[in-house]
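Please read the structure below before turning to the comments.
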Amino acid sequence: MRGMACVIAASALMLGGCATHHAMAPAASGLSRAEFLGPTKAAMLEKSLTDGDIATTLDADVRAKLPTSIAVAKLNFDYACASLQTIDAEELKGWEKVAAEQSLITGIQPLSGLAMKPAQTETRYSTGVTLYGLRTAAAKQKCELLLVYVQADTQVENWNHAAVLYWTGVGLLIVPGTELEHKTVMQAILVDTRTGTILGTATGDSHLKRTTPAAYAGIEQENLAKRAPEESLKDLQTAGRKLLSQVVASAHAAR
895 MRGMACVIAA
905 SALMLGGCAT
915 HHAMAPAASG
925 LSRAEFLGPT
935 KAAMLEKSLT
945 DGDIATTLDA
955 DVRAKLPTSI
965 AVAKLNFDYA
975 CASLQTIDAE
985 ELKGWEKVAA
995 EQSLITGIQP
1005 LSGLAMKPAQ
1015 TETRYSTGVT
1025 LYGLRTAAAK
1035 QKCELLLVYV
1045 QADTQVENWN
1055 HAAVLYWTGV
1065 GLLIVPGTEL
1075 EHKTVMQAIL
1085 VDTRTGTILG
1095 TATGDSHLKR
1105 TTPAAYAGIE
1115 QENLAKRAPE
1125 ESLKDLQTAG
1135 RKLLSQVVAS
1145 AHAAR
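Structure follows, in structure tokens:
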């Protein structure tokens, strides 16, 4: 019994003196990956573009050809490869509401993987979706505009000083000694399908926190992992609504 008491006392001292704090890693955006543009083309452009070429690109007056529907693609990045994700009905309904506010946008069309052919990159083991491939698929679906977005998540779990009571056993059930965080960032680009010009960008994010007893940490982390993307998507669609309005207004003014 004395040995058990010593173990418990030692555990209490250890827990009491070492509340943890792990910083949350930044949610990385897959759109920054060069492979999305195609490794070979990206490298060639980087080497060959002169100041004059950049100036010409900046001076180009690219405006969306309206009316049109918008092709929407949600991507997932795994290492160097981008893959097309299925957009569920609820998510698609949100984008349809955004598009419905513009009279010159006739609807939303989720890009179908059936219209795409995976692009072989120059890396030995990877094949993946490229922006060119998405534009080609959007053109097949007769969409002058292409909206591409990605989701990045990060989470962290820490103990606060109340976790010293976890050694009691019952403390695992009633003491809020575990601190959870979950952050979701979504980034989107609106692309002119014909030219590949990026007409604008939009970002949405959500950062949720929760303090809970250790026994319920898994359940609470699952709840945060569900709620954060939902809130981030709403934020992205709010930003996307503003971006689309600006693009449509610009195209309408040029008619």
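Residue numbering for the sequence shown is 895 to 1149, as defined by my numbering.
Each residue gets a CB set at the ideal place from its N, CA and C atoms; glycine is no exception.
Note that this is a predicted model, so its numbers are computed, not measured.
Min CB distance residue i to chain C below 7 angstroms
i: E984; result: Protein chain content of the structure displayed is limited to a single chain, and chain C is not contained in it.
Neighbourhood of residue i by C-beta distance below 6 angstroms, restricted to the same chain and skipping five residues each side
i: H1101; result: K1077
i: H1055; result: A913
i: Q1131; result: G988 and V992
i: E1075; result: M918, V1050 and K1103
Cutoff 7 angstroms; reference residue i; Cβ partners in own chain excluding five residues on either side
i: S1144; result: R957
i: A1109; result: L1066 and L1067
i: M895; result: Confidence is the limiting factor: at M895 the pLDDT is only 41, short of 50, which leaves the residue's position unreliable, though a coordinate-based value still follows. Closer than 7 angstroms at Cβ, skipping near neighbours: no residue.
i: E1125; result: S1100
i: L1127; result: E985, G988, M1080 and G1098
i: D1129; result: G1098, D1099 and S1100
i: I1002; result: S963, I964, V966, L986, W989, E990 and A993
i: A1147; result: none
i: I981; result: V966, K968 and P1004
Minimum C-alpha distance to residue i - residue among the options
i: R1121; options: R1104, Q1003, L986 and Q1140; result: R1104
i: P1070; options: L1040, W1053 and Q1081; result: W1053
i: A965; options: C1037, I948 and E995; result: C1037
i: K1034; options: V1044, V1050, A1057 and G1007; result: G1007
i: E1051; options: Y1043, T1024, T1106 and V1023; result: T1106
i: D955; options: G1098, I1092 and E990; result: I1092
i: Y1043; options: A1096, T944 and L1118; result: A1096
i: Q1115; options: L960, E995 and E1073; result: E1073
i: L960; options: I948, L1040, D982 and A1133; result: L1040
C-beta atoms of residue i and residue j nearer than 7 angstroms
i: Q996; j: V1142; result: yes
Could you name each continuous beta strand (DSSP E) segment of 3 residues or more that falls completely within the segment 1011-1081, going from the start of the chain to the end? 1037-1053
I'd like the ranges of any alpha helix (DSSP H) spanning at least 4 consecutive residues and lying wholly in the segment 1089-1127. none
Are three or more beta carbon pairs between the segment 1080-1096 and the segment 1057-1065 nearer than 8 angstroms? no
Residue ranges of each beta strand (DSSP E) within the segment 953-981, 3 or longer: 962-972 and 975-979
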